[in-house]
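In my numbering, each residue's number is its place in the sequence shown (first place is 1) plus 3. Here is the structure we will look at.
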Amino acid sequence: MTDITLMTSCAAPAKVLPSLTLLSHRVRVVPMEPSSMLKMPEDTILLVDAREDLSLAKSLCSIVRASNLTMSIILILTEGGFTVVNPSWGVSDVMLT
């Protein structure tokens, strides 16, 4: 079973990606702050909610990469945010919502 960690500041995490509730995978929800990384297993897939705060999301992605963590990072974006993401963010993939 895959371990998924959703990093979001949204009070209702199901609004970020409603389909997550349909998966049989373990989904952990943590706040968008650097200390949350201490609670994540290294084999998790990290979903970073960048829909509302692109600068915070970019900083958190940079911290993950600088920490030499090997987890996959998937950035959750709106169409407007898609234009600013580039390889320097260090993400594995992006998802548009």
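For each residue, glycine too, the CB sits at the ideal point set by N, CA and C.
Legend entry - Start-end ranges of the beta strand (DSSP E) lying completely within the region 61-96, minimum 3 residues: 75-80
Inset, instruction - Compute the Euclidean distance between the alpha carbons of residue 8 and residue 100, then round it to the nearest angstrom. - result: Mapped onto the sequence shown, residue 8 falls at position 5. Mapped onto the sequence shown, residue 100 falls at position 97. For residue 8 and residue 100, the distance between alpha carbons rounds to 17 Å.
Inset, instruction - Would you kindly report the start and end of the unbroken beta strand (DSSP E) that includes residue 26? - result: If you number the sequence shown from 1, residue 26 lands on position 23. No beta strand (DSSP E) holds residue 26; DSSP gives it neither H nor E.
Inset, instruction - With distances taken Cα to Cα, identify the nearest neighbour of residue 96 among 40, 53, 71, 59. - result: The residue labelled residue 96 in the question sits at position 93 within the sequence shown. The shortest C-alpha separation from residue 96 is found at 53.
Inset, instruction - Spell out a yes or no on whether the region 36-48 and the region 16-24 are touching, meaning 3 or more CB-CB pairs, one atom from each, closer than 8 Å. - result: no
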